[in-house]
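Visitor: In terms of full-length UniProt numbering, the sequence shown has 12 at position 12, counting the first letter as 1, and numbering is strictly consecutive.
The structure that follows is given in the form of structure tokens.
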Amino acid sequence: MFVNAEQAAYLRGELLRRLATLRPGKGAANVGLTPHWRLEEIRQLEQLCDRLGEAAEVRP
């Protein structure tokens, strides 16, 4: 699937909002309460956000 820069920026914003609800709270104790599969899912979504951010950059 191909998206333009505007679509990539929008998708990245939506993913970041959703990630905020998935991330464990601050502190090591909270991370221990988060299942491993959820941490992996969060990591993958963060990588996707990074890729969308790169796609949204306007290059000269």
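No residue lacks a Cβ here, since even glycine has one placed at the ideal position from N, Cα and C.
Predicted model, so just to flag it, every value in this text is computed and none were measured.
For L45 versus L15, is the C-beta spacing smaller than 8 Å?
Guide: On the sequence shown, position 45 is the one that residue 45 refers to. On the sequence shown, position 15 is the one that residue 15 refers to. Taking 8 Å as the Cβ cut-off, L45 and L15 qualify as a contacting pair.
Visitor: Can you give me the Cβ contacts of R17 inside the same chain, cut-off strictly under 8 Å, excluding the 5 residues immediately before and after it?
Guide: Working through the sequence shown from its first residue, we reach residue 17 at position 17. Here the set comprises nothing.
Visitor: Measuring alpha carbon to alpha carbon, tell me which residue in E54, R23, A5 and Q7 is nearest R38.
Guide: Within the sequence shown, numbered from 1, the residue matching residue 38 stands at position 38. R38 has its Cα closest to that of R23, out of E54, R23, A5 and Q7.
Visitor: Quick one: Cα of A8 to Cα of A55, how far?
Guide: The residue you call residue 8 lines up with position 8 of the sequence shown. The residue you call residue 55 lines up with position 55 of the sequence shown. Spanning the two alpha carbons is a distance of roughly 6 Å.
Visitor: Which of the three DSSP states, helix, strand or coil, is assigned to R18?
Guide: Along the sequence shown, one-based indexing puts residue 18 at 18. In the structure shown, R18 sits in a helix (DSSP, three-state: H, G or I).
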